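Peer 1: First to last, the protein sequences are chains A and B.
The numbering of the first sequence is the UniProt record's numbering, which starts it at 1 and goes up by one.
The numbering of the second sequence is the UniProt record's numbering, which starts it at 1 and goes up by one.
Glycine included, every Cβ here is placed at the ideal spot set by N, Cα and C.
Bear in mind the structure is a predicted one, so any value in this text is a computation, not a measurement.
If you scroll down you'll find the structure; I have some questions about it.
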Amino acid sequence: MRFMMLMIPGGYAEAAPDVRPDAKGVEAMMKYNEELKKAGVLLALDGLHPPSSGARVSFKGGKPVVTDGPFAEVKEVLGGYWVIDVRSREEAIEWARRCPAGENDLIEVRRVFEMSDFPEDVQKVAEGFGELKS
Amino acid sequence: MTATATIEAVWRIEQPKLTARLARYLRDIGLAEEIAGDAFLLALERWPRDGIPRNPAAWLTEVARNRALDRLRRTTMIDGKHRELAIDLAELEREMPDIEAALDEDIDDDLLRLIFTACHPVLPAEQRAALALRLLGGLSTLEIARAFLVPEATAAQRIVRAKRALRDAAIPFETPRGQERRERLAAVLEVVYLIFNGGYVATAGPDWLRADLCGEALRLGRSLAALMPDEPEVQGLVSLMELNASRFPARTGKAGEPILLLDQDRTRWNWSLIRRGLDGLNRAMTLTSTPGPYLLQAMIAACHARAMTSADTDWIAISAYYQALALAAPSPIVEINRAVAVGMAFGPAQGLAIVEALKDEPRLKDSHLLPTVRGDLLEKLGHQTEARAAFRQAAELTGNDRERALLLARAGD
Numbered sequence: 001m002r003f004m005m006l007m008i009p010g011g012y013a014e015a016a017p018d019v020r021p022d023a024k025g026v027e028a029m030m031k032y033n034e035e036l037k038k039a040g041v042l043l044a045l046d047g048l049h050p051p052s053s054g055a056r057v058s059f060k061g062g063k064p065v066v067t068d069g070p071f072a073e074v075k076e077v078l079g080g081y082w083v084i085d086v087r088s089r090e091e092a093i094e095w096a097r098r099c100p101a102g103e104n105d106l107i108e109v110r111r112v113f114e115m116s117d118f119p120e121d122v123q124k125v126a127e128g129f130g131e132l133k134s
Numbered sequence: 001m002t003a004t005a006t007i008e009a010v011w012r013i014e015q016p017k018l019t020a021r022l023a024r025y026l027r028d029i030g031l032a033e034e035i036a037g038d039a040f041l042l043a044l045e046r047w048p049r050d051g052i053p054r055n056p057a058a059w060l061t062e063v064a065r066n067r068a069l070d071r072l073r074r075t076t077m078i079d080g081k082h083r084e085l086a087i088d089l090a091e092l093e094r095e096m097p098d099i100e101a102a103l104d105e106d107i108d109d110d111l112l113r114l115i116f117t118a119c120h121p122v123l124p125a126e127q128r129a130a131l132a133l134r135l136l137g138g139l140s141t142l143e144i145a146r147a148f149l150v151p152e153a154t155a156a157q158r159i160v161r162a163k164r165a166l167r168d169a170a171i172p173f174e175t176p177r178g179q180e181r182r183e184r185l186a187a188v189l190e191v192v193y194l195i196f197n198g199g200y201v202a203t204a205g206p207d208w209l210r211a212d213l214c215g216e217a218l219r220l221g222r223s224l225a226a227l228m229p230d231e232p233e234v235q236g237l238v239s240l241m242e243l244n245a246s247r248f249p250a251r252t253g254k255a256g257e258p259i260l261l262l263d264q265d266r267t268r269w270n271w272s273l274i275r276r277g278l279d280g281l282n283r284a285m286t287l288t289s290t291p292g293p294y295l296l297q298a299m300i301a302a303c304h305a306r307a308m309t310s311a312d313t314d315w316i317a318i319s320a321y322y323q324a325l326a327l328a329a330p331s332p333i334v335e336i337n338r339a340v341a342v343g344m345a346f347g348p349a350q351g352l353a354i355v356e357a358l359k360d361e362p363r364l365k366d367s368h369l370l371p372t373v374r375g376d377l378l379e380k381l382g383h384q385t386e387a388r389a390a391f392r393q394a395a396e397l398t399g400n401d402r403e404r405a406l407l408l409a410r411a412g413d
């Protein structure tokens, strides 16, 4: 079963647009990534630029409104993610526990939907969903 | 989340590494596994009471190391002639004093040794598969028994026999080099593919673990590919498994009936796996100019994956890859598949010529495959009477009721 580990770094909501991880932090993280890979569980991973260089599109009243980052009222934002293929929720959580994260960081562990998780009528409507991902 | 569930998760992640490290010092896989198992039993006893340690791997290594030292001391005291073990003891005490350092040390070599030793060709394939699932997948005996649809006692016996055979044959705990490495690697890949097919071929059956066997094989394969990134055949096998697994959702109909590749609804294929498979294949192709059997099979699977409809299939390329496969790993089954591909690419007469050359092949005597393909090609050529006879012959040979009904229908009976 696939899980997504969502990295929510402390303070990233207010980070400057040009902020980049330092070599030391990346070194520890690379070691962790290698470990995931050697265990045969790593499927994908990526890091995200800070939200201050991003934007949010909201739909209040049915009308899209664009707000440029940073977002004053937002405390927790994504910094990156891993997709892993493991045998159980517990194993996904155990991998998250091992991440060399900072003390203000947070990792959210979420299971990825498989087509078979949906009822049959939804599967029918979602036919071709997989193709979108190629 | 209960402590037991956490310990099971830690076991799956840590057991291969711990066993591999212990086996290097003890030179006995059975003993290494036993001691690793002891450490986990102690964790099951202590962790629910004391809480999960901050570094579970360090905790387990420490416990296992002490047990290993105790065991070696006892053995050397009982039998003074075990000079070799005494040397191991000294080595163990010298080299494993600092647990943190031991954890930091590169375990890749140990893991590879474990994989190569557990999949040693001295063992029958079924024992190798059971041992690999046990040592590298961390599966319990019961899970392995369920996976291969055998009684638990049988699964346990396979594992015990495998460990004993490795010890009795004094198989060195090592990663072979050069030519020997290539030969042994073939045995390792064979076991991984055997595990994959154990889950893939059986479409029926409600047992979740059987389908999960494909996942085990994929993880083993991906792990092996990460440890041996320069081996094209390893990457070839991983790509082949990913491309095959991508068709899982489309291989059976609503009633559980098998759906042949060319009839599958391609929108149901898992395109994430296809993309991974194709990416891996491209990487593997940069590693060699003479693709081996797994890479060739992955290339064939990729031709199907790239075709948006079955009519778009590049049968000429597939024929060429089967031709190469027939040279790299000749077998009558490869020849039958080649006949199908050639028939599709260059017309049924060409395919039939390959099939007719196989008619005295003893290994196909009891297989329905040859007459089925023969019937299909004859039908396309308009030789209806001969085609019907071939389908009838195939119907007699198949063991599958649904297939028999289909063949008899084609025979017009």
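Report buried or exposed for E14(B), applying the criterion of at least 16 other Cβ atoms within 10 angstroms of its Cβ.
Peer 2: It is buried - the Cβ of E14(B) has at least 16 other Cβ atoms within 10 Å.
Peer 1: Might you give, ordered along the chain, the residues of its own chain that have their beta carbon closer than 8 Å to the beta carbon of S88(A), omitting 5 neighbours on each side?
Peer 2: Only M1 meet the Cβ criterion.
Peer 1: Keeping to the same chain, check which residues put their C-beta closer than 7 Å to that of D18(A); ignore five residues upstream and five downstream.
Peer 2: Nothing meets the Cβ criterion.
Peer 1: Given a limit of 8 Å on CB to CB distance, which residues of the segment 8-39 of chain B reach chain A?
Peer 2: So the close ones are E8, A9, V10, R12, I13.
Peer 1: Taking the alpha-carbon positions, what's the L296(B) to P232(B) distance?
Peer 2: The alpha-carbon atoms of L296(B) and P232(B) are separated by roughly 11 Å.
Peer 1: Go ahead and label N244(B) buried or exposed: buried means 16 or more other beta carbons lie within 10 angstroms of its beta carbon, across all protein chains shown.
Peer 2: By the 10 Å Cβ count, N244(B) comes out buried.
Peer 1: May I ask which residues mark the beginning and end of the alpha helix (DSSP H) holding E91(A)?
Peer 2: Where E91(A) is concerned, the enclosing alpha helix (DSSP H) stretches over 89-97.
Peer 1: If you follow the alpha helix (DSSP H) that G236(B) is in, where does it begin and where does it stop?
Peer 2: Looking at the DSSP string, the run of the alpha helix (DSSP H) that includes G236(B) is 232-245.
Peer 1: Runs of 3 residues minimum, wholly inside the UniProt domain "YCII-related" (1-115) of chain A: which ones carry the beta strand (DSSP E) assignment?
Peer 2: If we require 3 residues or more, the beta strand (DSSP E) runs fully inside the UniProt domain "YCII-related" (1-115) of chain A come out as 2-8, 42-47, 55-58, 65-68, 80-85, 106-111.
Peer 1: Given this structure, state the Cα-to-Cα distance separating A39(B) from A64(B), to the nearest angstrom.
Peer 2: Roughly 5 Å separates the two Cα atoms.
Peer 1: Pick out whichever of K24(A), M5(A), L43(A), D22(A) has its Cα sitting closest to the Cα of R219(B).
Peer 2: When only C-alpha atoms are compared, the closest one is L43(A).
Peer 1: Just checking: is the beta-carbon of A16(A) within a distance shorter than 8 Å of some beta-carbon in chain B?
Peer 2: So, not an interface residue.
Peer 1: Just verifying my parser: in three-state terms, what is the DSSP assignment at T398(B)?
Peer 2: Coil at T398(B), not helix or strand.
Peer 1: Residues of chain A with CB under 8 Å from L227(B), in chain order?
Peer 2: By Cβ distance, chain A contributes K38.
Peer 1: Under 7 Å between beta-carbons, which chain B residues line up against V41(A)? List them in chain order, please.
Peer 2: Correct list: R219.
Peer 1: Just confirm the distance between the C-beta atoms of A390(B) and L378(B), as a whole number of angstroms; I'd bet it's less than 8 Å.
Peer 2: Indeed they touch by this definition, with Cβ atoms about 6 Å apart.
Peer 1: Please state whether DSSP places T286(B) in a helix, a strand or coil.
Peer 2: Three-state DSSP puts T286(B) in coil, outside helix and strand.
Peer 1: When the cut-off is 8 Å and only beta carbons count, does residue 135(A) lie next to chain B?
Peer 2: Here chain A covers residues 1 to 134 and nothing more, so residue 135(A) does not appear.
Peer 1: If we count the other Cβ atoms within 10 Å of its Cβ and call it buried at 16 or more, is K75(A) buried or exposed?
Peer 2: With fewer than 16 Cβ atoms within 10 Å of its Cβ, K75(A) is classed as exposed.
Peer 1: With a threshold of 8 Å between beta carbons, is residue 136(A) in contact with chain B?
Peer 2: Only positions 1 to 134 of chain A appear in the structure, and residue 136(A) is not among them; the question remains open.
Peer 1: In whole angstroms, give me the CA-to-CA distance for L237(B) and L48(A).
Peer 2: Using only the alpha carbons, I get a separation of about 32 Å.
Peer 1: Is the distance from the Cβ of I35(B) to the Cβ of R71(B) below 8 Å?
Peer 2: Contact flag set, yes.
Peer 1: Looking at chain B, is there any beta carbon in it that lies within less than 8 Å of the beta carbon of S58(A)?
Peer 2: No - not a single Cβ of chain B is within 8 Å of the one on S58(A).
Peer 1: Can you tell me which of the three DSSP states P176(B) falls into?
Peer 2: Correct three-state label for P176(B): coil.
Peer 1: For S88(A), go through chain B and note every residue whose CB falls closer than 7 Å to its CB, in chain order.
Peer 2: Correct list: A9.
Peer 1: Strictly below 8 Å CB to CB, what residues from chain A border T6(B)?
Peer 2: Those within 8 Å of T6(B) in chain A are E90, I93, E94.
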